[in-house]
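Residue 259 in our numbering sits at position 258 of the sequence shown, and the numbers go up by one each step.
Built from N, CA and C at the ideal position, the CB exists for glycine as well.
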Amino acid sequence: MTDHGGRRRIDLDGVPETLLWNLYQRAFEARQPHPVLDDPKAIELVERIDYPFEETFGTPSPLLAQGQALRVRTFDDAVRGFLREHPHGTVVTLAEGLETQFWRVDNGRARWLCVELPETARVRRALLPDGERRRTLAQSALDLSWRDEVDASQGVLVTAQGLLMYLQPAKVRDLIAGCAGAFPGGALVFDAVPRWFGERTLRGAMKTAQGYVTPPMPWALDAGELDKIGTAHPAVTEVRELPLPRGRGPYFGLVWPALRRLPVVRNIRPTMTVMARFGPTP
2 MTDHGGRRRI
12 DLDGVPETLL
22 WNLYQRAFEA
32 RQPHPVLDDP
42 KAIELVERID
52 YPFEETFGTP
62 SPLLAQGQAL
72 RVRTFDDAVR
82 GFLREHPHGT
92 VVTLAEGLET
102 QFWRVDNGRA
112 RWLCVELPET
122 ARVRRALLPD
132 GERRRTLAQS
142 ALDLSWRDEV
152 DASQGVLVTA
162 QGLLMYLQPA
172 KVRDLIAGCA
182 GAFPGGALVF
192 DAVPRWFGER
202 TLRGAMKTAQ
212 GYVTPPMPWA
222 LDAGELDKIG
232 TAHPAVTEVR
242 ELPLPRGRGP
252 YFGLVWPALR
262 RLPVVRNIRP
272 TMTVMARFGP
282 TP
């Protein structure tokens, strides 16, 4: 990563590069006249980064960008709910990349720990420097020693946004179990893609007209399989899908909410957000 004419040039590939796609979609939606996600920090970052966004990802689809922003808002709502109950708690974000959630929902009292791969940690620290209550830890989320850095006395919420689908199934199970065993009374919020979507990425069939190929997603979860999450550890006491907020237009205002309620077609949706709550370890 280098400075180029006052802008930061970023060179990432594979899964780490997806953080730029996510940022690009959020910024596009935030620029709309009536955005479903108010995210001025995302717009600022896109303007500060020297990266061929449009040449790589194409012009954002308004429908896709809105869907991405609504998914992000689902996470925001979960964090806000946690902070209402635990104003001095700790939010642990696993592999959030250039997510700007802190600037949208922080209450001025909570602590934030961002766990990032070393290459993405360097990017995040350069563009979003750590603060008094927010710091970045450079290591894989699968290295569970990050749990030793968490003060769990005031409550813990772990988020894994855009992460688990890129992991092998056994690693996903280990990560969920590691969180459940370490943070009794806490919770994990994550997103998942359905099996048809994951299979398409494994075939390399998810790509843009510009040639950008979505990295393989070996872990997938259909909407009717939430009970499998509970088998990862005895301390997982509740698993439920978090509904997407209503958005603009007929699709996100009417169609999407209906899809979630219809078992036959609910896996048509390309993603869902899930919360797993943890009780005391038996």
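Quick test of your reading: residue i and residue j, contact by CB under 8 Å. State the CB separation rounded to the nearest angstrom.
i, j, result
"residue 83", "residue 181", "About 16 Å separates the two Cβ atoms, so there is no contact after all."
"residue 76", "residue 160", "6 Å"
"residue 70", "residue 38", "4 Å"
"residue 58", "residue 209", "6 Å"
"residue 189", "residue 277", "5 Å"
"residue 187", "residue 156", "7 Å"
"residue 126", "residue 103", "Actually they are not in contact, since the Cβ atoms of residue 126 and residue 103 sit about 14 Å apart, beyond 8 Å."
"residue 271", "residue 198", "5 Å"
"residue 196", "residue 152", "Going by Cβ atoms, the distance from residue 196 to residue 152 rounds to 38 Å, so no, they are not a contact pair."
"residue 257", "residue 245", "6 Å"
"residue 281", "residue 220", "In fact, because the Cβ distance is near 27 Å, the residues do not count as touching under 8 Å."
"residue 21", "residue 52", "6 Å"
"residue 176", "residue 150", "Contact doesn't hold; Cβ gap of about 16 Å is too wide."
Put residue i into one of helix, strand or coil per three-state DSSP.
i, result
"residue 22", "helix"
"residue 184", "coil"
"residue 204", "coil"
"residue 11", "coil"
"residue 274", "strand"
"residue 266", "coil"
"residue 92", "strand"
"residue 38", "coil"
"residue 33", "coil"
"residue 1", "The structure shown does not extend to residue 1, since the chain is modelled only from 2 to 283, so the question has no answer here."
Going by alpha carbons, who is nearest to residue i out of the options?
i, options, result
"residue 261", "104, 275, 111", "275"
"residue 109", "29, 194, 91, 277", "91"
"residue 117", "127, 102, 98", "98"
"residue 174", "199, 142, 81", "142"
"residue 42", "101, 80, 12", "101"
"residue 304", "80, 239, 28, 49", "Because the chain is modelled from 2 through 283, residue 304 falls outside the range shown and cannot be assessed."
"residue 46", "281, 8, 55", "8"
"residue 49", "87, 72, 219, 129", "129"
"residue 193", "259, 273, 35", "273"
"residue 123", "96, 247, 172", "96"
"residue 163", "119, 216, 139, 148", "216"
"residue 67", "78, 33, 55, 81", "33"
"residue 218", "178, 20, 165, 12", "165"
"residue 251", "15, 26, 177, 64", "64"
"residue 247", "36, 10, 22, 12", "36"
"residue 120", "249, 13, 177", "13"
I'd like to confirm the pairing. Which residues does DSSP put opposite residue i in its beta bridges?
i, result
"residue 83", "DSSP lists no partner for residue 83."
"residue 237", "279"
"residue 77", "DSSP, once it has assigned bridges, lists no residue as partnering residue 77."
"residue 345", "The displayed coordinates of the chain run from 2 to 283. Any statement about residue 345 would go beyond what the structure contains."
"residue 50", "9"
Is residue i near the ligand ADP, with its Cβ less than 8 Å from a heavy atom?
i, result
"residue 209", "As for the ligand ADP, it is missing from this structure, which has no ligand bound."
Exercise. Which residue spans inside the region 96-175 form an unbroken alpha helix (DSSP H) run of at least 4?
Worked result: With a minimum length of 4 residues, the continuous alpha helix (DSSP H) runs that stay inside the region 96-175 are 102-106, 119-128.
For this session: Mind listing, in chain order, the continuous beta strand (DSSP E) runs of no fewer than 3 residues lying wholly within the region 208-257?
Result: You should have 237-243.
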